[in-house]
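Chemist:
Numbering (the UniProt record's numbering), first residue to last: 1 to 1271.
See below:
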């Protein structure tokens, strides 16, 4: 909300009205909407206290009420202001009103209710008070009768002239307006006529809140005491009160009709008789229709209208009467019957239908009987509304809507004769009887007729199908108590309709019938499967089960699932005994389906018992995919082989992972199948290649060997070749076999097989073929390398030039034949571990050192330089003496040096670096090595450092110098910094480490650098050599440390030196601190003329602070110069006082014109006996009342009574002389000059503070003057 809410109220159950200082908002609790602005407040509500906000029922009109203070001539009478807003028109109207409310009223001739606004006001005009109630229609409906504007006076008792309305409620029930005032008065007015009905005080305490009581037609109110009041109309007495006390008969009748109240019976009857006598039948009918409590709506009235003779062409009065009643509402039973007679006689049935649809008629059995003569459907509706139950049941029966009989009977709690109804329906509609019986079975509380009785009723009529349909439905719950009926329905159908019985049994809906009885009937009817399902003895089952010609095979298979394991196997055995070939598929199917229950082994034994490999083949074929039993898989392979299913044998041997490979291999070798692929599958998958090769070779099946190697698995060719060599196969066949496969052969295992049999040269041609074809296979080149090494055919050339062999493999092959060749191979493949081992083992340390230097690998160096290496010393000697001196690569040298550093071998490293840096011209000028040599010496052998510094020039001076400082080699560090002209670092070493200011000062004179002098100056300053430090700072031209210099100079009191320094600083920086300190230093050395000259020049000194500091330090002459320059007359005055220059002080005080300054100068003059000057000051003080007493006490405390009296007497003639001066002079006369007291009192009695002077005279016992003052 952009504004603060000043008033809020629920204007509907779901809508909140929010009022701010300027606007009105609505906020709905539905959804997540934000407050919506409705309108802005009008000017008449400005600065008003909002007391109410309302809307009409349609939320199209809104009214806001506020009150404000009364007019000045009558402030007690509060003003009331109202803003009426139209939502549709978006317009407001400002009115004067204290309370308002909306109402709806139906005007005669207008079916739509009118919206009314009621408001009450109390205003003053020319001293006259006017109190009014207004009732006005809002939004008049075009072309329709409207509500005439009404107004009435509000009569306030004399004691309530300042009272005003605070609330208004409208009772829609009674059509009354309640106006409630602040002081508890209640006014009641009629809404239609604005006629006054009642007035009384309902609360002695002020009322501030009311709410509608829609259920009682009254209202609730809360008063200031916190009481909740409920006010409403007394139904029993209000009409007599209005007719009797108010003598307003018309209002009494209207009120009785409007709210259906008693008390107006005689008036209504009398009025009716008058209208009837005047033949005003329409008005009489309207009066009768609206008569309170249905007073005139009786058979007598109807007879009265019937008795009126009807003129030709005129509407009968009776029809006018009924028409009027219909427009007002619903007819009673007698009226409905009489009107219906007229309509039926005129054959206008559609009118009856419309009135019934509009609920204009009160239904009764008599009305139904009347309408039945013309329309049965309409009569049934009337019977139902009239709750004429027997007539309703009879009507449903006639219409054959028997289901509705049950529904209706249940609804109204009626119990008909169900058995009679069922017999009646059965005679003409058997299917309808079934439906009705089923409906009865579903009734709450159970079926009213026994199921067996109903069944017998159907059977008596020979309606067996209908009886079956009924029983099948009611027996669905399958309850034990229905066993007899279950048996009965099955017997009926097994004898007459076996297929129906079969379907019933197939559904499995019954479980409590007589199973042995039904089993016998099924067998007699030829339903062998059902008989099997019901027999419980094995002999019966075995007798029936062999009738496979009449049993569906799948159903028979499913039946086996219901038998125990032993019974199922017995039955399967009988089936095979009776007809092996015909029943084999059924038995196989059953065995496959229930293999888990029957047991696979038992099923296998059953088929083996009858030597049925075909049965085994089919049975195990379905089980194979889910079994992991090796024996099962083997038996399946065996059965497939014996039944000629060679392709299946080939498939299983290729795909199965669970058969016993050894057993299967042996079986296939014994079986000697014409197709060797099955055996090849087994041997290839399970590694029986030697056995397979031997079998195929000995059985002269060489084409299978070639096919296997070339097409099936070239990867196993090495094993095949090995076995062929063991079987002494001719080399030509073996070579041809190898060359036929060529690149598909795995070379490594082939080489291994040949190498194991010492037939490696057999592969030479094959390997050369591969190489010539561009093979880069490492195993090919490994094998070729081995053949070259064995033949000693220039192996070094192969080892250094061939890029494809495995250095580790070939090197291992060379170790026992020639270690140097192994080193060549290992170096080529960077096989660090192997090379170290072979060189250690064969004492080839020079080769190892060269390799380590060339390799430049940190891990390798760590390995060979670790302390645990027993050959480390030999390696280091070779590295220092041979490998590194031979090297021309800085990277190799760097890696070796780094390795020595990592291994923490400083002495060996120094030895190494001296060899490289000092003796090897190639690395003598190497920057990094020189750094490393010096740094290593600093760490391991400091005595060599100075020598290295003198011999070496190309190293990192700053970094090495810092390391030397850290190692506390200060002289060496100083030498390094001096050598590299790092003079600041050098002088810092002298100052911070060697701690010799003298050497530092000498060094500074030698180099003459500002930065060096700055370091020396700071050190001198730290040591308290302030004058020397200032001199050094001046030499360094360094102004950065002026604060430290100022502080030190003041402590050492060397202001002459400080002046020199500050003059130098001012040339570099403009700092208030510097200028201020310069003035202070001038003052300290009494150079006042320099101060006067300085302040006349441009400067940035804070002169006020400087002057205050000089004053505090008692340098008054300097302070006087500063204060005079900046025109600080107050401080100048006190400074001149300190200098005893009182006349100047008075002049300065006059310029300052400050009471404080005047007092300071005055008191100083008093102390110095300069009373003339003191009086000049005092006259400027005593004109202030608050300061007079202080001046007086100061004079008196020092015994200067006469001077004080002279000062006070002079003050009498001042323009600003006040009572305090005259009074104080009187007190001084009383104390010190009694003779002048009386004269003073008489002269200035009107300007004296008499009480204060009385007190002074009383203390001094001046009774005469005291008497005069009292008088």
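Glycine residues also receive a C-beta, built at the ideal position from the N, C-alpha and C atoms.
Everything numeric in this text was worked out from a predicted model, so none of it was measured.
Can you check which of these residues, 85, 718, 810, is closest to residue 42 by C-alpha distance?
Modeler: As a working note, residue 42 is residue 42 in the chain shown. Out of 85, 718, 810, 85 has the C-alpha closest to the C-alpha of residue 42.
Chemist: With contact counted as at least three CB pairs below 8 Å, one residue from each stretch, are the stretch 713–721 and the stretch 746–759 in contact?
Modeler: yes
Chemist: How about residue 610 and residue 563: do their beta carbons lie closer than 8 Å?
Modeler: As a position in the chain shown, residue 610 is number 610, starting the count at 1. As a position in the chain shown, residue 563 is number 563, starting the count at 1. At least 8 Å separates the beta-carbon of residue 610 from that of residue 563.
Chemist: In the DSSP assignment, find the beta strand (DSSP E) that holds residue 994 and state where it starts and stops.
Modeler: Here residue 994 refers to the residue found at position 994 when the chain shown is read from its first residue. Residue 994 -> no beta strand (DSSP E), and no H or E assigned at all.
Chemist: Taking the alpha-carbon positions, what's the residue 54 to residue 64 distance?
Modeler: As a first step, residue 54 is located in the chain shown; it is residue number 54 there, counting from the start. As a first step, residue 64 is located in the chain shown; it is residue number 64 there, counting from the start. Residue 54 and residue 64: Cα-Cα distance of roughly 7 Å.
Chemist: Assuming residue 1117 is part of the alpha helix (DSSP H), what are its boundary residues?
Modeler: As a working note, residue 1117 is residue 1117 in the chain shown. Here the alpha helix (DSSP H) through residue 1117 covers 1116–1126.
Chemist: Using CA coordinates, which residue listed in 1080, 135, 379, 106 is at the minimum distance from residue 177?
Modeler: Within the chain shown, the letter at position 177 stands for residue 177. Selected option, being the one with the closest Cα: 135.
Chemist: Determine the extent of the beta strand (DSSP E) in which residue 120 is found, giving its start and end residues.
Modeler: By one-based count along the chain shown, residue 120 stands at place 120. Where residue 120 is concerned, the enclosing beta strand (DSSP E) stretches over 114–125.
Chemist: Are residue 821 and residue 795 close, meaning C-beta to C-beta below 8 Å?
Modeler: Your numbering for residue 821 matches position 821 in the chain shown. Your numbering for residue 795 matches position 795 in the chain shown. Going by beta carbons, residue 821 and residue 795 fall inside the 8 Å limit.
Chemist: According to DSSP, residue 1206 sits in a beta bridge with which residue or residues?
Modeler: Counted from its first residue, the chain shown places residue 1206 at position 1206. Bridge partners of residue 1206: none, in fact.
Chemist: So if DSSP puts residue 55 in a beta bridge, which residue, or which two residues, is it bridged to?
Modeler: Residue mapping note: residue 55 aligns to position 55 of the chain shown, counting from 1. BP columns for residue 55 point to 62.
Chemist: Identify, in the order they occur along the chain, each residue of the same chain with its Cβ nearer than 6 Å to the Cβ of residue 37, setting aside the five sequence neighbours on each side.
Modeler: Looking up residue 37 in the chain shown gives position 37. Listed in chain order, the non-local C-beta contacts of residue 37 below 6 Å within the same chain comprise 23, 25, local neighbours out to five positions each way being set aside.
Chemist: Quick one, are the C-beta atoms of residue 531 and residue 537 less than 8 Å apart?
Modeler: As a working note, residue 531 is residue 531 in the chain shown. As a working note, residue 537 is residue 537 in the chain shown. Contact: no.
Chemist: Taking 8 Å as the CB-CB limit, is residue 721 close to chain B?
Modeler: The structure shown contains no chain B, having only a single protein chain.
Chemist: Closer than 8 Å by C-beta to residue 8: which residues in its own chain qualify, once you throw out the five before and the five after it? Chain order, please.
Modeler: Taking the chain shown and counting its residues from 1, the one referred to as residue 8 is at position 8. 16, 17, 18, 19.
Chemist: Could you check where the beta strand (DSSP E) with residue 712 kicks off and where it finishes?
Modeler: Translated into positions along the chain shown, residue 712 becomes position 712. Per DSSP, residue 712 belongs to no beta strand (DSSP E) and is neither H nor E.
Chemist: With DSSP as the reference, label residue 1217 as helix, strand or coil.
Modeler: As a position in the chain shown, residue 1217 is number 1217, starting the count at 1. Residue state, collapsed to three classes: coil.
Chemist: Assuming residue 318 and residue 305 form a contact by the criterion Cβ under 8 Å, report the distance between their Cβ atoms to the nearest whole angstrom.
Modeler: In the chain shown, counting from the first residue as 1, residue 318 sits at position 318. In the chain shown, counting from the first residue as 1, residue 305 sits at position 305. Between residue 305 and residue 318 the Cβ distance is about 4 Å, and since that is below 8 Å, they are a contact.
Chemist: Apart from the five residues just before and just after residue 248, which ones in its own chain have a Cβ nearer than 7 Å to its Cβ?
Modeler: One-based indexing of the chain shown puts residue 248 at position 248. Excluding positions up to five away in sequence, the list reads 195, 242.
Chemist: Whole angstroms are fine: how far does the CA of residue 504 sit from the CA of residue 556?
Modeler: For the purposes of this step, residue 556 is taken as residue 556 along the chain shown, with counting starting at 1. For the purposes of this step, residue 504 is taken as residue 504 along the chain shown, with counting starting at 1. Near 18 Å, if we compare the C-alpha coordinates of residue 504 and residue 556.
Chemist: Is DSSP giving residue 219 helix, strand or coil here?
Modeler: Looking up residue 219 in the chain shown gives position 219. It is a strand residue.
Chemist: Between which two residues does the beta strand (DSSP E) carrying residue 148 extend?
Modeler: Position 148 of the chain shown, counted from the first residue, corresponds to residue 148. Neither: residue 148 is in no beta strand (DSSP E) and is coded neither H nor E.
Chemist: On a Cα-Cα basis, can you pick out the residue from 612, 947, 416, 880 that is closest to residue 975?
Modeler: To locate residue 975, count along the chain shown from 1; it is residue 975. Cα-wise, what sits closest to residue 975 is 947.
Chemist: What does the Cβ neighbour count give for residue 181, buried or exposed, with the cut at 16 atoms within 10 Å?
Modeler: Within the chain shown, residue 181 is the residue found at index 181, counting from 1. Classification of residue 181: buried, given that the 10 Å Cβ count is 16 or more.
Chemist: Measure the C-alpha to C-alpha separation of residue 234 and residue 390 and round it to an integer number of angstroms.
Modeler: Numbered from its first residue, the chain shown carries residue 234 at position 234. Numbered from its first residue, the chain shown carries residue 390 at position 390. Those two C-alpha atoms are separated by around 45 Å.
Chemist: Can you check which of these residues, 590, 688, 980, 620, is closest to residue 552 by C-alpha distance?
Modeler: Against the chain shown, residue 552 aligns to sequence position 552. Per the C-alpha coordinates, the member of 590, 688, 980, 620 positioned closest to residue 552 is 590.
Chemist: Check for me: the beta strand (DSSP E) holding residue 187 runs from which residue to which?
Modeler: In the chain shown, the residue the question calls residue 187 occupies position 187. Its beta strand (DSSP E) spans residues 185–190.
Chemist: When DSSP labels each residue in this structure, what does residue 82 get in the three-state scheme?
Modeler: What you label residue 82 is simply residue 82 of the chain shown in a count that begins at 1. Correct three-state label for residue 82: strand.
Chemist: Assign residue 635 to one of two classes, buried (16 or more other C-beta atoms within 10 Å of its C-beta) or exposed (fewer than that).
Modeler: Position 635 of the chain shown holds residue 635. With 16 or more other Cβ atoms within 10 Å, it is buried.
Chemist: Rounded to the nearest angstrom, what separates residue 334 and residue 368 at their Cα positions?
Modeler: As a working note, residue 334 is residue 334 in the chain shown. As a working note, residue 368 is residue 368 in the chain shown. The alpha-carbon atoms of residue 334 and residue 368 are separated by roughly 13 Å.
Chemist: Roughly how many angstroms separate the alpha carbons of residue 882 and residue 774, rounded to a whole number?
Modeler: Taking the chain shown and counting its residues from 1, the one referred to as residue 882 is at position 882. Taking the chain shown and counting its residues from 1, the one referred to as residue 774 is at position 774. Spanning the two alpha carbons is a distance of roughly 41 Å.
Chemist: Would you please state the rounded distance, in angstroms, between the beta carbons of residue 1070 and residue 1100? I believe it to be under 8 Å.
Modeler: Residue mapping note: residue 1070 aligns to position 1070 of the chain shown, counting from 1. Residue mapping note: residue 1100 aligns to position 1100 of the chain shown, counting from 1. Confirmed, about 5 Å.
Chemist: Return the Cβ separation of residue 1180 and residue 1219 in integer angstroms, given the expectation that the two are a contact with Cβ distance under 8 Å.
Modeler: Numbered from 1 along the chain shown, position 1180 holds the residue referred to as residue 1180. Numbered from 1 along the chain shown, position 1219 holds the residue referred to as residue 1219. With a beta-carbon spacing of about 19 Å, residue 1180 and residue 1219 fall beyond the 8 Å limit used to define contacts.
Chemist: Determine, using beta carbons only, whether residue 706 and residue 737 come nearer to each other than 8 Å.
Modeler: Along the chain shown, read from residue 1 onward, the residue named residue 706 stands at position 706. Along the chain shown, read from residue 1 onward, the residue named residue 737 stands at position 737. It is a contact, given that the beta carbons lie within the stated cut-off.
Chemist: So what does DSSP say about residue 155, is it helix, strand or coil?
Modeler: Locating residue 155 in the chain shown gives position 155, counting from the first residue. Note: residue 155 maps to coil in three-state DSSP.
Chemist: Any idea which residues DSSP pairs residue 200 with across the strands?
Modeler: Taking the first residue of the chain shown as position 1, residue 200 is located at position 200. According to DSSP, which records beta bridges pairwise, residue 200 is partnered with 186.
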